[in-house]
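**Student:** Chains as they are written, first to last, in this note's numbering: chain H, 1 to 104; chain C, 1001 to 1168; chain L, 2001 to 2634.
Note that the Cβ used here is the ideal one computed from N, Cα and C, for glycine as well.
Note that the coordinates shown come from a computational prediction; the quantities given were computed from them, not determined experimentally.
Here it is in C-alpha cells:
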C-alpha cells in the first residue's frame, strides 16, 4: 500500500508506538523513577488516542475523559514519588532489583 | 501541509519516547519526557484542540515532570550502570510487547473509518459546561480524590516514624 | 430353679466376677480384704464343682451348656462347655487347690503394696483355667489356653519393677507362644480333616468311619503336642519354667505346679480318641517325656535355690505324665496329675512358708535345722517329699507306679528302655528331693535370720494338702494290688479309652518292688551325703565337672540365645538401623521430597519483582488476545 498520509493513521501509529515504548520501558528499566515516567508515557499515548477520536467524531466526551486522566495521573505521580522516597529511605537505592522481599 | 507537520511531530514524539527509554541518566530521561510532551502538544494542536495542548504543557511538563526532576535531584541519583540483563529475557519481552502492540494497532485501524472534520470552535466553553452539568459527579469526586491524595502524600512522606530499624 | 448347666456356667464365671471386683471395681488396698474376696469366689467355684460332681451319675454322663458365638460361612462356633468325668476331676483339683492357694496368699502377700492386682490376676487365672478344662471344642479350649498364658505372664512379672522378673514373665509368654503356634496349626488341620473342632463330634467320626489318612492324623496329633510342649514345659520349650520362679511362690504353686502346666496333659487326654490311633507321634511323646524327666532331674540335683529345685522337679514329673500319655495310659497320666498337684503344691507352699519365715532367703545352703523352728512346715513337707519319692502308702507311690508299669506294658519296641529311663529319673528324684529336705529342715541352722512359723492362713492349706497327698493315692489303686478297686479308673472310663496292657517281662508286683527299692536307695544316698557337710563336700570335689554341667542347666538357655535370639536380634538391628530409616522413611518422605523439589522449581516464578510479574501478565494477556482475535486480526 502506498505511504499513509492521514493524520488518523499517524495518530494511531504514535499511540501504539508510545504505548509499546512505555510498556517496554516499564518492564525493563531498573530505576523506579524511570519506570514511573514510562507509566506517564503510556497514559499520554492513551490521551492522544482519546483526543484524536473525540476531535474526529466531534464529540466532547473524549476531551473530558482526558481532563480526568490528566488529573489522576498527576495525583498518582505524586503519590508514587512519595512511595519511592520512602523506599529510598528504607533501602538507600531505587533500583528495583533490590526490592525482592516477596521472593520464594 | 498539515499532514507533513503531523508526520514530523509524530516522529519527533516517538523519538523522544525512545529517549526516555534508552537514557542512562534519569535526568536525561526526564528531559526526553518533556520533549515528548511537547511533541504531543503539537499533535493536539494539529488536531485542533488548543485547550488540550495548553493543558498538556501546563500540567504535564509544568508540574509532573518538574516533580520528577525534583525527586531525582533530591535522591541524587547517579547514572545507572544498567547491567545487561538476560538477553533472552530482553528478546522475549520486546517481541511480546511488539506483538501486543501490533494486534491492538490492527484492531484499531480496522474498526475506525477515515474521516476528517472541521476544527470546531469554542472548545473551552463546551467542555466547561459539560463538566458542570453532565460530568458533575465525576468532577466532584475527582476533587475529593485530589484531597485524599494530598493527605496520602503527607502521610507517606512523613519522616518521624520511618522504620530505619525503628530507633528514634 | 437353677439347673445343672446353669451351675456349670456359674462355676466358670464366678472367678471372673471376683477378678473384676478386685481388679476394677473395689481395688482394696489391704491384702486381707482383697484376699478374702478372691478366696470367696474361688471357694464358691469349688462348691459348684462339687455340686456338679455329684450331679454326674450312671445316667447323666455329662452336663452341657452352649450358646452361639459367631458364624463364618459354614463354620458355626459356639461357646460350649461340657462337664463330664474328666472335667470333674480337673475342676475339683483346680478349684480346690486353687482355693487353698488363695487362702494361703492372704498370709503370704500380707505386706504387698498392691494386693488387689495380685488377687485379680489369680482369680482371672482360675477363670481361664476353668474355660480351658470345661470347653467342649478346641477353640474354646484355646481361649482358656491363651488366657492362662496371659495370667501366667502377669503373675510371673508381678513385681515388674525388677527388670529381671519382668523379663522372666516375657520369656514365659514368648516360649508359650511358640507352642501356641503349634496348637493353632494343629487345630486348623483338625478342622480341615474332620470339618469340626468339637470333641464329641471328632470322637464320633473317628469311631464310626475309618477312612482317615493315618498320616494326617499323626500331623494333627503332632502339632497339638507341640502346643502341649510349650504349655507343659517339655523339651525343647521348658526353658520358661525355671525362670518363672521369679513370681510369688503361691503363683508358682498354683500355676506352675498344679494347674497350668497340666493343661498340655489335659489336652492330650481330652483328645485321647485321636492319640489312640497315632502310633508314631506316641513314640515321640513318650521319648520326649522320658527324656525330659531324666534331663530335668539331672539339673535339679545341682540347684541351690529352693524354688529352682522344685521347678525342675515339676518339669521332671510332667515328663513322666507325658511318658504315660505316650504309652496310651491316659488314666495313669490324669491320676499322676492329680496326686502331683497335691504334693507339688504342698512343696511349693511349704517352700513359700520357709521363705516367708526366713524373710526372703531362698538358698538352701543358708537354711537348715528348720525342723525345730517351723515344725508344722516340716511335717507337711515331710509328707510331700515322701510322696514325691514314691514311698507307699502315700499318693505318689500309686500314681508313679501306675505310670512306670504302663510304660513297661505299652507294647512298643522301646518300652523296656523307656521304663529304664523313667526309673533312673525317679531314683534321681528321690535323691535330690531328699537332698533338698535334709539341707532345709535337718541339721543346724546356717543362716542369719530369725525363722518363725507361718500364720494359720498359710498353715491350714499346708495341712489340707498334706492330707490330700497322703490319701488321694487310694483313689486309683492299680489292679495288681487287689485290696481296693480302682475308683478313679472306673470313674474316668466313660471318657478315657483304656488301652489293654501288653505282655511284659516282669509282673506288676516286681516292677513295683524295683521302683520302690530304687527310690529308697535314692533317699538313703541323699541322707548319707547331706546329713554331714563334709561328705557332701568331698563328693562335690570328685564330681565337680558333672556338677558344673548340671548347675549351669546344660547351658541350654545360652544355646537358645546363640542359635535363635542372636540372629533374630541381628536381623532386627539391621531392619531398625538400615531398612527403617533409609528405605521406609525414604519411601514415606518421597512425596515430601518430590513436592519440595517441584516447589523449588516453581519458585523461580516468584521472583519478588513486580516487573517480572507484569511481564507474565503481559504474556498471559497476549495469549488471550491472540486466541480470541486471531481470526479477526489476520
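1) Within the 8 Å Cβ cut-off, does residue 71 of chain H reach chain C?
2) Quick one: using the 10 Å Cβ neighbour count with 16 as the cut-off for buried, is residue 1160 of chain C buried or exposed?
3) Is DSSP giving residue 2066 of chain L helix, strand or coil here?
4) Within this structure, are the beta carbons of residue 2169 of chain L and residue 2179 of chain L separated by less than 8 Å?
5) Interface residues of chain A around residue 24 of chain H at Cβ under 9 Å?
6) With DSSP collapsed to three states, give me the class of residue 2032 of chain L.
7) Taking only beta-carbon positions, decide if residue 68 of chain H is within less than 8 Å of chain C.
8) Give the residues of chain L in contact with residue 102 of chain H, contact being defined as C-beta atoms less than 8 Å apart.
9) Taking only three categories from DSSP, how would you classify residue 2159 of chain L?
10) Around the Cβ of residue 1168 of chain C, are there at least 16 other Cβ atoms within 10 angstroms (buried) or fewer (exposed)?
11) Return the Cβ separation of residue 2134 of chain L and residue 2008 of chain L in integer angstroms, given the expectation that the two are a contact with Cβ distance under 8 Å.
12) Keeping to the same chain, check which residues put their C-beta closer than 7 Å to that of residue 1012 of chain C; ignore five residues upstream and five downstream.
13) Excluding the 5 residues flanking residue 96 of chain H on each side, which residues of the same chain have their C-beta closer than 6 Å to its C-beta?
14) Under a CB-based cut-off of 8 Å, is residue 96 of chain H close to chain L?
15) What alpha helix (DSSP H) runs, 4 residues minimum, are completely inside the segment 2441 to 2485 of chain L?
16) Tell whether a beta-carbon distance below 8 Å holds between residue 2251 of chain L and residue 2321 of chain L.
17) Look at the alpha carbon of residue 2104 of chain L and the alpha carbon of residue 2471 of chain L, and state the distance between them as a whole number of angstroms.
18) State the Cα-Cα distance for the pair residue 2348 of chain L and residue 2579 of chain L, rounded to the nearest angstrom.
19) Taking all protein chains shown into account, decide if residue 2487 of chain L is buried (16 or more other Cβ within 10 angstroms of its Cβ) or exposed.
20) Does the beta carbon of residue 35 of chain H come closer than 8 Å to any beta carbon on chain C?
21) Just to check my reading of the structure: residue 2043 of chain L and residue 2099 of chain L have Cβ atoms closer than 8 Å, yes? What is that Cβ distance to the nearest angstrom?
22) Could you tell me the boundaries of the beta strand (DSSP E) in which residue 2075 of chain L lies?
23) Do residue 2431 of chain L and residue 2360 of chain L have their C-beta atoms within less than 8 Å of each other?
24) Helix, strand or coil, according to DSSP, for residue 2072 of chain L in the structure here?
25) Are the beta-carbon atoms of residue 2227 of chain L and residue 2183 of chain L separated by less than 8 Å?
26) Where does residue 2195 of chain L land, buried or exposed, given buried means 16+ other C-beta within 10 angstroms?
27) Have a look at L:2362, L:2375 and L:2467 and flag the residue whose alpha-carbon is nearest the alpha-carbon of residue 2442 of chain L.
28) With DSSP collapsed to three states, give me the class of residue 2198 of chain L.
29) Helix, strand or coil, according to DSSP, for residue 2607 of chain L in the structure here?
30) If you draw a straight line from the alpha carbon of residue 2453 of chain L to that of residue 2445 of chain L, how long is it in whole angstroms?
31) Mind checking residue 12 of chain H: buried by the 16 CB within 10 Å criterion, or exposed?
32) Which bits of chain C does residue 1982 of chain L rub up against, with CB to CB less than 8 Å?
33) Determine the direct distance from the alpha carbon of residue 2311 of chain L to that of residue 2242 of chain L, and round the result to whole angstroms.
34) Can you tell which of L:2155, L:2478, L:2267 and L:2148 has its C-alpha closest to the C-alpha of residue 2198 of chain L?
**Tutor:** Taking the structure as given:
1) Put simply, the CB of residue 71 of chain H is near chain C, with a gap under 8 Å to one of its CB atoms.
2) Within 10 angstroms of the beta-carbon of residue 1160 of chain C lie fewer than 16 other beta-carbons, which makes it exposed.
3) The DSSP-derived three-state label of residue 2066 of chain L is strand.
4) no
5) No chain A is present in this structure, whose protein chains are H, C and L.
6) Residue 2032 of chain L: helix per DSSP, three-state reduction.
7) yes
8) 2606 and 2608
9) coil
10) Residue confidence is low: residue 1168 of chain C scores 44 on pLDDT, short of 50, so the model does not pin down where it sits. Its coordinate-derived value is still stated next. By the neighbour-count rule (16 or more Cβ atoms within 10 Å), residue 1168 of chain C is not buried but exposed.
11) 7 Å
12) Counting only Cβ-Cβ distances below 7 Å, and skipping sequence neighbours, we find 1039.
13) 30 and 32
14) Cβ-Cβ to chain L under 8 Å: yes for residue 96 of chain H.
15) 2456 to 2471
16) No, they are not a contact pair.
17) 21 Å
18) 48 Å
19) exposed
20) The beta-carbon of residue 35 of chain H is placed no less than 8 Å from the nearest beta-carbon of chain C.
21) 4 Å
22) 2075 to 2083
23) no
24) Of the three classes helix, strand and coil, the one that applies to residue 2072 of chain L here is strand, per DSSP.
25) Cβ distance < 8 Å, so residue 2227 of chain L and residue 2183 of chain L count as in contact.
26) exposed
27) Selected option, being the one with the closest Cα: L:2375.
28) strand
29) coil
30) 14 Å
31) buried
32) The structure shown does not extend to residue 1982 of chain L, since chain L is modelled only from 2001 through 2634, so no value can be given for it.
33) 5 Å
34) L:2267
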